[in-house]
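Asker:
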Amino acid sequence: MEKDIKAVDLNTTAEIFGYARISVDIEKEDDKNTSIENQIDFIEDYAKTHFPKAELTIFKDRDRSGYTFEQREQYQLMRKRLMSGEVKILIVKDFSRFSRRNSLGLYELELLRDAGVRIISISDAIDFPSHDEWLQIQFRFLLN
Numbered sequence: 125m126e127k128d129i130k131a132v133d134l135n136t137t138a139e140i141f142g143y144a145r146i147s148v149d150i151e152k153e154d155d156k157n158t159s160i161e162n163q164i165d166f167i168e169d170y171a172k173t174h175f176p177k178a179e180l181t182i183f184k185d186r187d188r189s190g191y192t193f194e195q196r197e198q199y200q201l202m203r204k205r206l207m208s209g210e211v212k213i214l215i216v217k218d219f220s221r222f223s224r225r226n227s228l229g230l231y232e233l234e235l236l237r238d239a240g241v242r243i244i245s246i247s248d249a250i251d252f253p254s255h256d257e258w259l260q261i262q263f264r265f266l267l268n
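At position 18 of the sequence shown (counting the first as 1) the number is 142 in the numbering used here, and the numbers step up by one without a gap.
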């Protein structure tokens with residue numbers, strides 16, 4: 125169940141990004157909670173509710189490990205546009221879909237934040253950097 129992040133911005137008409145990732149191991153288990161389709165449904169529902177006027181573009185990496193970013197082709201395409209300032213909002217179902225590696229994931233979040241990107245993790249109920257939740261984010265990565 126989605127927690128209230130209080131990140132409603134009904135007037136945003138800009139493009140926003142969603143990102144979904146699944147590894148080979150989880151895909152084989154056919155886990156309904158982390159499937160690409162489930163992640164995309166979560167992201168689309170959230171975007172429709174909180175950013176109904178925005179254009180949502182979904183990037184997805186199937187059969188890709190969460191321990192590195194380099195081998196994720198779709199992530200790299202998305203990242204390039206985020207870092208250029210072209211798009212300012214990224215939505216993920218939860219931080220485990222973003223990264224499974226504590227230090228690397230936190231560093232990547234800092235780089236995106238410094239580029240002016242707002243990162244929303246739906247299941248973690250985090251809207252970063254809109255809310256000062258850096259300690260909570262670090263804790264979430266420890267649980268990955």
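Glycine included, each C-beta is placed from N, C-alpha and C at the ideal position.
#1: The alpha helix (DSSP H) spanning Ala-249 covers which residue range?
#2: Check whether the Cβ atoms of Glu-232 and Ser-223 sit closer than 8 angstroms, and answer yes or no.
#3: Identify every residue that forms a DSSP beta bridge with Tyr-143.
#4: Can you check which of these residues, Tyr-170, Arg-186, Ser-189 and Ile-261, is closest to Glu-179 by C-alpha distance?
#5: Near Phe-252, what residues of its chain come up, given a Cβ to Cβ distance below 8 angstroms and the 5 sequence neighbours on each side ignored?
#6: Measuring alpha carbon to alpha carbon, tell me which residue in Lys-212, Phe-219 and Ile-140 is nearest Ala-239.
#7: For the alpha helix (DSSP H) containing Lys-177, name the first residue and the last one.
#8: When the distance is taken between beta carbons, is Ala-144 closer than 8 angstroms to Ile-167?
#9: In three-state terms, what does DSSP make of Arg-242?
Answerer: In short:
#1: Run containing Ala-249: none; DSSP gives neither H nor E here.
#2: Yes, Cβ-Cβ distance for Glu-232 and Ser-223 is below 8 angstroms.
#3: Per DSSP, Phe-183 and Val-216.
#4: Scanning Tyr-170, Arg-186, Ser-189 and Ile-261 for the CA closest to the CA of Glu-179 turns up Tyr-170.
#5: So the list reads Leu-233, Arg-237, Arg-242, Ile-243, Ile-244, Ser-245, Trp-258 and Ile-261, once near-sequence residues are dropped.
#6: Considering only Lys-212, Phe-219 and Ile-140, the residue with the shortest C-alpha distance to Ala-239 is Lys-212.
#7: Neither: Lys-177 is in no alpha helix (DSSP H) and is coded neither H nor E.
#8: Yes, Cβ-Cβ distance for Ile-167 and Ala-144 is below 8 angstroms.
#9: Arg-242 carries a strand assignment under DSSP once its states are collapsed to helix, strand and coil.
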